[in-house]
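Asks: In my numbering, each number is its position in the sequence shown, counted from 1, plus 2. I'd like to ask some things about the structure below.
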Amino acid sequence: MTDRSGECNIMKLVKIVSLSLLFVVIVCFVAATLRTLTFDVNSGLQLAHWEKTNNIASDINQHQRKELLANFREAIQIPTVSTAKTQLNITALGEFDSLLRRVFPTVFSSHLVQHEVVANYSHLFWVPGSDLALVPYMLLAHIDVVPADENDGWEVPPFSAKEIDGFIYGRGTIDNKQSVMGVLQALEYLLIRGYSPQRGFFIGLGHDEEVGGLQGAMNIVKVLKRKGVQLAFILDEGLAVLDGVISGLQGPAALIGISEKGQATVKLSVFKAPGHSSMPPRESSIGILAGAVKRLEDNPMPILFGEGPERRTFEHLAHRFGLPIKFVMSNMWLFSPLIGRVMERSPDTNAFLRTTTAVTMFNSGVKVNVLPSLAEAYVNLRIHPAQTVEEVLEFIQSTVGDERVKMELVNGFDPLPVSSYDETSFGFQTIKKTLLDQFPQVTVAPGVCIGNTDSRHYTDLAKDIYRFAPTWIRPGDTQRFHGINERISKKNYEELVVFYFNLIQNCDIKELPSPHSAGHEL
Ligand SMILES: CCCCCCCC/C=C\CCCCCCCC(=O)N[C@@H](CC(N)=O)C(=O)O
Ligand SMILES: [Zn+2]
Ligand SMILES: [Zn+2]
3 MTDRSGECNI MKLVKIVSLS LLFVVIVCFV AATLRTLTFD VNSGLQLAHW
53 EKTNNIASDI NQHQRKELLA NFREAIQIPT VSTAKTQLNI TALGEFDSLL
103 RRVFPTVFSS HLVQHEVVAN YSHLFWVPGS DLALVPYMLL AHIDVVPADE
153 NDGWEVPPFS AKEIDGFIYG RGTIDNKQSV MGVLQALEYL LIRGYSPQRG
203 FFIGLGHDEE VGGLQGAMNI VKVLKRKGVQ LAFILDEGLA VLDGVISGLQ
253 GPAALIGISE KGQATVKLSV FKAPGHSSMP PRESSIGILA GAVKRLEDNP
303 MPILFGEGPE RRTFEHLAHR FGLPIKFVMS NMWLFSPLIG RVMERSPDTN
353 AFLRTTTAVT MFNSGVKVNV LPSLAEAYVN LRIHPAQTVE EVLEFIQSTV
403 GDERVKMELV NGFDPLPVSS YDETSFGFQT IKKTLLDQFP QVTVAPGVCI
453 GNTDSRHYTD LAKDIYRFAP TWIRPGDTQR FHGINERISK KNYEELVVFY
503 FNLIQNCDIK ELPSPHSAGH EL
């Protein structure tokens, strides 16, 4: 027996020995893997001497400022809601078509622009370039929005486009009418100012993205395939400029989605013979299913942080963290488990770490005194780039661990391929240059888009697909996607118009400048 103080000393000794051992293990691990500890993996990403292309200045006068905002507000006021594949608001989609033709008269009448309506409500524009040797690119956005119920806690009616403190509120303001209107407004102003492109480009506006894009995006892709189109790159909705969202990061970060997570919807069901509620069995179909769902929530999929391209995000951002986080972020190969533990605490950062499991529908029962025969639940999973649909299904089966619960894959697809983002990547570097010219304070990094986009249907047309719009997201804003009080500042909407205005002109360069030449830092 040791006395109380002896016990403490022994504990202290054990702690010291354990810590020393841990230190030795880490050092050995470092030596064994023969890797160099670093502070910055983003150094050297510098390009210079961009061919001058954007000769048309992007200044916006007072009249245009009013005009572009009025056009945007009208777009928000049209409830182009998609509820299910067969439940689209076609009246609103028709109205939206008329709005586009009315507020962008130059786009619809210019001899430089070819336009066709696809699958009744989607739009495809083609602006041929003067230099046929330059491979065209494509800008994507979607017209439809998810439903919005004023009673959920909206400060203003969700289709009112009302302004509060410099923000326009409404469904679609950040997902994704800001891009639809921003791209066409930029093209309208470019054409009015006499622009004609050297590199041709397409614009694709889907009308059913929120329910999978099976009509809009898929038919636009068919049209393009028939024409034999191949694209240099595609830019669609997705990630954004995050300002104050990543804790510890100095300054805002523009995350350009170079991939997007996969998705699976799984139906779980339990069947039991119905009966009188006065003689219930020990377990009901609802009880069995509730248990299965609870086990899924209690046992999240494993943290895979560092095993997919999300690792590159933090390596690119590392130099914008203070010590010691900077050191940790620069050496993800060693510290990713530690970072994962911290990031899983918040839903938006957790989404980058693992395949997420969301129980989104639960149905059963028809009457208070009838034991229901059937209980059904739908689980929506967003698949981390290092996993597949098949692996996710195996995980669900073993976690549920109850043969009475039937599992059925409703639909699913694996994570999308990773697009290039190195110094020779035309699309990535041109988007990045456009961003840095406009927002020099921003750090640009590749990222994984946690939601899905229409661009996933375009993989046969382009090797490089990017998911990004320069929408500024500040703390609290991530919940506005598909949530209440979706909004964008008037200033930010103007910035989007300017971004697309400059991006289109920047794409006219024949090729990227060679890396490491002196000058403008990317
Ligand atoms: C280190 C990272 C910090 C975490 C910050 C979170 C950043 C959030 C920024 C943007 C939100 C992502 C929204 C992506 C667009 C989603 C588009 C969408 O809603 N798609 C639907 C429909 C479909 N096509 O499946 C979806 O359900 O995903
Ligand atoms: Zn969207
Ligand atoms: Zn959406």
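All C-beta atoms in this analysis are idealised placements derived from N, C-alpha and C, irrespective of residue type, glycine included.
What three-state label does DSSP hand residue 323 in the structure shown?
Replies: For the purposes of this step, residue 323 is taken as residue 321 along the sequence shown, with counting starting at 1. Residue 323 falls in the strand class under three-state DSSP.
Asks: Output the distance between the C-alpha atoms of residue 456 and residue 442, rounded to the nearest integer angstrom.
Replies: The residue given as residue 456 occupies position 454 in the sequence shown. The residue given as residue 442 occupies position 440 in the sequence shown. Those two C-alpha atoms are separated by around 30 Å.
Asks: Any idea what DSSP makes of residue 128, helix, strand or coil?
Replies: Within the sequence shown, residue 128 is the residue found at index 126, counting from 1. Reduced to three states, the DSSP call for residue 128 is strand.
Asks: Suppose the cutoff is 8 Å on Cβ atoms and the five residues either side in sequence are ignored; what does the same chain contact list for residue 463 look like?
Replies: Counting from one through the sequence shown, the residue named residue 463 turns up at place 461. The residues are 140, 223, 226, 227, 231, 232, 233, 236.
Asks: Which one or two residues does DSSP pair with residue 451 in a beta bridge?
Replies: Position 449 of the sequence shown holds residue 451. Answer is 262.
Asks: Cβ of residue 53 versus every heavy atom of ligand 2: is any distance shorter than 7 Å?
Replies: In the sequence shown, the residue the question calls residue 53 occupies position 51. No - ligand 2 has no heavy atom lying nearer than 7 Å to the Cβ of residue 53.
Asks: Closer than 6 Å is what we want: which residues have a beta carbon that near any heavy atom of ligand 2? List them in chain order.
Replies: Cβ-based neighbours of ligand 2 within the cut-off: 144, 177, 178, 211, 239.
Asks: State the CB to CB distance for the pair residue 430 and residue 258, rounded to an integer number of angstroms; the pair is presumed to be in contact (CB under 8 Å).
Replies: The residue you call residue 430 lines up with position 428 of the sequence shown. The residue you call residue 258 lines up with position 256 of the sequence shown. Going by Cβ atoms, the distance from residue 430 to residue 258 rounds to 6 Å, so yes, they are a contact pair.
Asks: Please go through the segment 147-207 and give each complete alpha helix (DSSP H) segment of 4 or more residues, from N-terminal end onward.
Replies: As far as the segment 147-207 is concerned, its whole alpha helix (DSSP H) runs of at least 4 residues are 179-194.
Asks: Would you mind reading off the limits of the beta strand (DSSP E) that contains residue 238?
Replies: Counting from 1 along the sequence shown, the entry for residue 238 is found at position 236. Per DSSP, residue 238 belongs to the beta strand (DSSP E) from 236-244.
Asks: Is any non-hydrogen atom of ligand 1 found closer than 7 Å to the C-beta of residue 451, if you look at the structure I gave you?
Replies: Taking the sequence shown and counting its residues from 1, one reaches residue 451 at position 449. Within the cutoff, so yes.
Asks: Suppose the cutoff is 8 Å on Cβ atoms and the five residues either side in sequence are ignored; what does the same chain contact list for residue 298 look like?
Replies: Taking the first residue of the sequence shown as 1, we reach residue 298 at position 296. Counting only Cβ-Cβ distances below 8 Å, and skipping sequence neighbours, we find 359, 361, 381, 398, 401, 402.
Asks: Report the rounded CA-to-CA distance for residue 208 versus residue 285, giving the unit in angstroms.
Replies: Reading the sequence shown from its first residue, position 206 is the one you call residue 208. Reading the sequence shown from its first residue, position 283 is the one you call residue 285. Approximately 47 Å between the Cα atoms of the pair.
Asks: Restricting to Cα atoms, I'd like to know which of 184, 128, 150, 69 is closest to residue 504.
Replies: Taking the sequence shown and counting its residues from 1, the one referred to as residue 504 is at position 502. It is 184.
Asks: Can you tell me which of the three DSSP states residue 425 falls into?
Replies: By 1-based counting over the sequence shown, the position of residue 425 is 423. Coil at residue 425, not helix or strand.
Asks: I'd like to check one pair, residue 432 with residue 509: are the Cβ atoms closer than 8 Å?
Replies: Looking up residue 509 in the sequence shown gives position 507. Looking up residue 432 in the sequence shown gives position 430. Cβ atoms of residue 509 and residue 432: closer than 8 Å.
Asks: In the segment 310-385, which residue ranges form an unbroken beta strand (DSSP E) of at least 3 residues, counting only runs that do not cross its ends?
Replies: DSSP runs (the beta strand (DSSP E)) wholly in the segment 310-385: 358-366, 376-385.
Asks: Nearest to residue 387 by CA position, among 304, 328, 343, 377, is which residue?
Replies: By one-based count along the sequence shown, residue 387 stands at place 385. Nearest C-alpha to residue 387: 304.
Asks: Below 8 Å between beta carbons: does that hold for residue 283 and residue 374?
Replies: On the sequence shown, residue 283 is found 281 positions in, with the first residue counted as 1. On the sequence shown, residue 374 is found 372 positions in, with the first residue counted as 1. It is not a contact, given that the beta carbons lie outside the stated cut-off.
Asks: Compare the Cα-Cα distances from residue 486 to each of 155, 294, 468, 368 and report the closest residue.
Replies: Taking the sequence shown and counting its residues from 1, the one referred to as residue 486 is at position 484. Checked all of 155, 294, 468, 368; the closest Cα to residue 486 is 155.
Asks: Is it the case that the CB of residue 209 approaches a heavy atom of ligand 3 more closely than 7 Å?
Replies: On the sequence shown, residue 209 is found 207 positions in, with the first residue counted as 1. Flag unset: Cβ of residue 209 not near ligand 3.
Asks: On the criterion of 16 or more Cβ atoms from any shown chain inside 10 Å, does residue 142 qualify as buried, or is it exposed?
Replies: Working through the sequence shown from its first residue, we reach residue 142 at position 140. Its Cβ being crowded by 16 or more others within 10 Å, residue 142 is buried.
Asks: Exposed or buried, what is residue 369 when buried is set at 16 or more other beta-carbons lying within 10 Å of its beta-carbon?
Replies: Taking the first residue of the sequence shown as position 1, residue 369 is located at position 367. Label assigned to residue 369: exposed.
Asks: Exposed or buried, what is residue 288 when buried is set at 16 or more other beta-carbons lying within 10 Å of its beta-carbon?
Replies: Numbered from its first residue, the sequence shown carries residue 288 at position 286. It counts as buried.
Asks: Would DSSP call residue 413 helix, strand or coil?
Replies: Counting from 1 along the sequence shown, the entry for residue 413 is found at position 411. Strand.
Asks: Does the beta-carbon distance from residue 1 to residue 127 come in below 8 Å?
Replies: The question about residue 1 has no answer, for the chain in this structure spans 3 to 524.
Asks: Hey, would you say the C-beta of residue 604 is under 7 Å away from at least one heavy atom of ligand 3?
Replies: Not covered by the structure: residue 604. The range shown for the chain is 3 to 524.
Asks: Which residues in the same chain have their Cβ closer than 8 Å to the Cβ of residue 36, if we skip the five residues on either side of it in sequence?
Replies: Locating residue 36 in the sequence shown gives position 34, counting from the first residue. Its pLDDT being 34, under 50, residue 36 is placed unreliably in this model, and the coordinates cannot settle the point.
Asks: DSSP on residue 105, reduced to helix/strand/coil?
Replies: Taking the sequence shown and counting its residues from 1, one reaches residue 105 at position 103. Three-state result, residue 105: helix.
Asks: Would you mind working out which of 500, 90, 512 sits nearest residue 121, comparing C-alpha positions?
Replies: Position 119 of the sequence shown, counting from 1, holds the residue named residue 121. Of the candidates 500, 90, 512, the one whose C-alpha sits nearest the C-alpha of residue 121 is 90.
Asks: Please report the residue range of the alpha helix (DSSP H) in which residue 275 lies.
Replies: Here the question's residue 275 lines up with position 273 in the sequence shown. From DSSP, residue 275 is part of no alpha helix (DSSP H); its letter is neither H nor E.
Asks: Pick helix, strand or coil for residue 467, following the three-state DSSP scheme.
Replies: Here residue 467 refers to the residue found at position 465 when the sequence shown is read from its first residue. The answer is strand: DSSP assigns residue 467 an E or B state.
Asks: If we ignore side chains and look at the alpha-carbon of each, how far apart do residue 415 and residue 499 end up?
Replies: Here the question's residue 415 lines up with position 413 in the sequence shown. Here the question's residue 499 lines up with position 497 in the sequence shown. Rounded to whole angstroms, residue 415 to residue 499 spans 33 Å at the Cα level.
Asks: Return the bridge partner residues of residue 89 from the DSSP annotation.
Replies: Taking the first residue of the sequence shown as position 1, residue 89 is located at position 87. DSSP lists 86 as partners of residue 89.
Asks: Is it right to say residue 472 is buried, meaning 16 or more other beta carbons lie within 10 angstroms of its own, or is it exposed?
Replies: As a first step, residue 472 must be located in the sequence shown, where it is residue number 470. By the 10 Å Cβ count, residue 472 comes out buried.
Asks: Any idea what DSSP makes of residue 407, helix, strand or coil?
Replies: Working through the sequence shown from its first residue, we reach residue 407 at position 405. The answer is coil: DSSP assigns residue 407 none of H, G, I, E or B.
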